[in-house]
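Going by our numbering, the sequence shown opens with residue 341, and the numbers climb by one from there. Using N, Cα and C, we set each Cβ at its ideal position, and we do this for glycine too. Quick notes on the structure that follows.
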Amino acid sequence: MKAARNVPQAVHPVDEFLPFWQLGVYGLQHVLTFYAASVIVPILLASALGLSHDALEHLIEADLFTCGIASLIQAVGIGPLGVKLPLLQGVTFVSVTPMIAIGMAAGGGIEGLHQIFGAVIVAGIFSYFMAPFFSRLIRFFPPVVTGSVILVIGLALLPVAANDIVNGQGTGTMQNPVSMRNVAYGLGTLLCILAVQRFFKGFLGTIAVLVGLIMGTLVAWILGDAHFGDVSSAPLLTIVRPLYFGMPSFHIVPILSLIIVMMISMLETTGDVFATGAIVDKKITPRDITRAIRADGAATMLGGIFNSFPYTCFAENVGLVRLTGVKSRWVVAAAALIMMIMGCLPKLAVLMACVPLPVLGGAALAMFAAVAVVGIQTLAQVDFDNQNNGIIVGTSVGLGMLATAQPHIADHFPAWAQIIFGSGITLGAMSAIILHLIFNHGTHGAVVEEKEAAPQPATTHPEMWKNVVVISEDKLGPRRPKSCSR
341 MKAARNVPQA VHPVDEFLPF WQLGVYGLQH VLTFYAASVI VPILLASALG
391 LSHDALEHLI EADLFTCGIA SLIQAVGIGP LGVKLPLLQG VTFVSVTPMI
441 AIGMAAGGGI EGLHQIFGAV IVAGIFSYFM APFFSRLIRF FPPVVTGSVI
491 LVIGLALLPV AANDIVNGQG TGTMQNPVSM RNVAYGLGTL LCILAVQRFF
541 KGFLGTIAVL VGLIMGTLVA WILGDAHFGD VSSAPLLTIV RPLYFGMPSF
591 HIVPILSLII VMMISMLETT GDVFATGAIV DKKITPRDIT RAIRADGAAT
641 MLGGIFNSFP YTCFAENVGL VRLTGVKSRW VVAAAALIMM IMGCLPKLAV
691 LMACVPLPVL GGAALAMFAA VAVVGIQTLA QVDFDNQNNG IIVGTSVGLG
741 MLATAQPHIA DHFPAWAQII FGSGITLGAM SAIILHLIFN HGTHGAVVEE
791 KEAAPQPATT HPEMWKNVVV ISEDKLGPRR PKSCSR
């Protein structure tokens with residue numbers, strides 16, 4: 341018998357290492373779409389704690405540098421860390437209100453930062469060691485749950501894009517009157533992105549968002565609404581030093597507050613990992629969830645040491661992967677290196693900040709909607725003949741939109757509950773999980789088995805089932821996936 345020939349296996353698009361110049365361009369596209377959201381947390385925190393301008397500059401530099409480290413860990417993988425998917429890391433917005441409360445209770449200023457950074461370090465360690473236990477909950481994430489969570493993530497982010505387009509004062513504030521000039525920048529950027537996607541293929545089609553951002557900024561500069569004067573006055577080089585503000589302090593109440601934040605962040609990370617898995621056509625396993633959450637925990641611990649904050653997967657950039665079709669995780673690795681350089685080169689960071697908010701909002705509108713579409717695709721696998729599934733999806737999306745449209749509802753809840761009710765993503769995700777347990781489990785503890793799904797029409801994609809993993813605690817072997825699993 342002849343020996344079988346060694347047939348080279350095709351590299352999965354996620355692991356494909358593109359030419360360096362493509363990695364640089366695609367990575368820059370990720371950074372430009374990510375930048376505004378990445379620096380908002382240090383700005384809000386510095387304003388609330390009454391920090392100096394120099395302190396704010398260092399917080400932004402440290403945030404960018406640590407974002408790069410966190411994204412590198414998540415995309416490339418180091419030992420047991422990192423899910424090895426094109427996921428960019430950023431500071432979780434869920435942490436903003438608790439961190440401001442911690443800092444203000446400590447008297448504000450640098451002393452407030454000491455307590456924040458101490459709590460961040462411990463919360464990161466907690467998240468790292470909790471990752472294996474949390475990943476076991478993946479059996480509570482069938483398509484009816486993951487689809488709802490992903491859909492809520494996309495819908496809850498759309499008001500952020502709308503606020504940027506009108507150059508508003510925050511998603512909780514209605515902008516009135518609205519400047520049609522800003523709207524023109526936002527919609528013009530969106531139209532530019534759509535035109536490039538429609539009329540160009542290949543490489544140019546995959547950088548449609550970058551082209552839109554550049555063209556929008558160029559038009560704004562010609563009309564006098566984009567300014568680059570701050571670039572010349574920014575320092576050329578800076579060094580991000582650990583413990584720049586002094587030794588952190590550790591107190592039980594701040595630590596418990598940020599541990600709750602990290603537990604909620606685990607839910608969001610799980611949703612983002614499932615969304616990315618669906619986009620890049622990779623099956624998500626409990627081990628993947630463990631590695632992703634461990635990376636979050638390690639990055640958060642480093643954040644406390646490098647004068648930064650809790651980290652999580654950024655849903656904003658999940659939409660960019662969907663929109664461009666560029667699935668390589670090495671693109672995110674390139675973006676991570678660019679962010680680390682930006683953290684050490686303030687001039688480059690300031691240059692990125694010159695993109696007007698309405699222009700960013702136009703690009704974000706397309707990306708966030710793309711995330712919602714992934715949720716809809718996942719929900720297409722669900723058997724809606726089972727009324728329970730309709731209740732789960734409708735209620736979780738409705739509650740998520742309630743907290744998104746009226747965020748001040750959270751003000752009337754106790755402090756511990758404000759973290760949940762203050763975020764549409766968090767409230768929607770928790771609702772989907774809890775309602776699945778209530779409605780899809782029988783009164784006697786048995787799982788409500790759904791009927792077998794009918795054969796898929798030719799226009800649907802039954803292969804999408806491989807993006808959802810059904811976990812069983814027993815060892816009876818793999819089961820056929822159902823739209824309502826254990």
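Under the three-state reduction of DSSP, which class applies to residue i: helix, strand or coil?
i, result
"VAL580", "coil"
"LEU358", "coil"
"LEU421", "strand"
"ASP504", "helix"
"MET514", "coil"
"PRO696", "coil"
"MET587", "coil"
"ILE624", "coil"
"SER435", "helix"
"ALA794", "In this prediction, ALA794 has a pLDDT of 39, which is less than 50 and means its spatial position is unreliable; nothing more can be read from the coordinates."
"ALA350", "coil"
"LEU363", "helix"
"ASP725", "coil"
"HIS567", "coil"
"SER392", "coil"
"GLN509", "coil"
"GLN717", "helix"
"ALA772", "helix"
"PRO754", "coil"
Please state whether the Cβ-Cβ distance between residue i and residue j is less than 7 Å.
i, j, result
"PHE761", "SER435", "no"
"ILE554", "GLY715", "no"
"ALA377", "GLU608", "no"
"MET641", "TYR375", "no"
"GLY644", "ILE461", "yes"
"VAL658", "VAL711", "yes"
"GLY458", "PRO588", "yes"
"PHE474", "ILE633", "yes"
"LEU663", "ALA618", "no"
"GLY487", "LEU719", "yes"
"THR652", "ASP636", "yes"
"VAL671", "GLY367", "yes"
"PRO696", "ASP504", "no"
"PRO483", "GLN717", "no"
"PRO686", "ALA574", "yes"
In the DSSP output, which residue or residues are listed as bridge partners for residue i?
i, result
"GLN429", "CYS653"
Give the C-beta separation of residue i and residue j to the nearest angstrom, bearing in mind that I take them to be a contact with Cβ-Cβ under 8 Å.
i, j, result
"VAL354", "ARG631", "About 14 Å separates the two Cβ atoms, so there is no contact after all."
"GLY408", "LEU677", "7 Å"
"ILE400", "VAL379", "5 Å"
"PHE708", "GLY430", "Rounded, the Cβ-Cβ distance is 14 Å, inconsistent with contact."
"ILE604", "ILE759", "6 Å"
"ARG768", "GLY740", "As written in the sequence, residue 768 is Gly, which differs from the Arg given in the question. The pair is a contact, with the Cβ atoms about 3 Å apart (cut-off 8 Å)."
"ILE440", "GLN455", "Wrong, their Cβ atoms sit about 12 Å apart, outside the cutoff."
"GLY702", "GLY552", "7 Å"
"ASP612", "VAL690", "With a Cβ gap of about 29 Å, ASP612 and VAL690 do not count as contacting."
"TYR525", "ALA638", "Their Cβ separation, rounded to whole angstroms, is 39 Å, which puts TYR525 and ALA638 out of contact at 8 Å."
"GLY683", "VAL518", "35 Å between Cβ atoms; not a contact."
"HIS370", "LEU428", "6 Å"
"ALA496", "ILE765", "5 Å"
"PHE585", "LEU453", "5 Å"
Quick check on residue i: buried or exposed, where buried means 16 or more other Cβ atoms within 10 Å of its Cβ?
i, result
"PHE539", "exposed"
"ILE592", "exposed"
"GLY508", "buried"
"LEU544", "exposed"
"LEU563", "exposed"
"ARG669", "buried"
"HIS567", "exposed"
"SER597", "buried"
"HIS352", "exposed"
"GLY738", "exposed"
"ASP628", "buried"
"THR298", "No information on residue 298 is available, as it lies outside the stretch 341 to 826 that the chain covers here."
"SER763", "buried"
"ALA350", "exposed"
"LEU583", "exposed"
"ILE478", "buried"
"ASN728", "buried"
"ASP403", "buried"
If we cut at 7 Å on Cβ distances, does residue i have a partner in chain C?
i, result
"ILE554", "No chain C is present in this structure, which holds just one protein chain."
I'd like to confirm something about residue i: is its beta-carbon nearer than 6 Å to some heavy atom of the ligand NAP, or not?
i, result
"LEU553", "Of the ligands one can find in the structure shown there are none, so the ligand NAP has no counterpart to examine."
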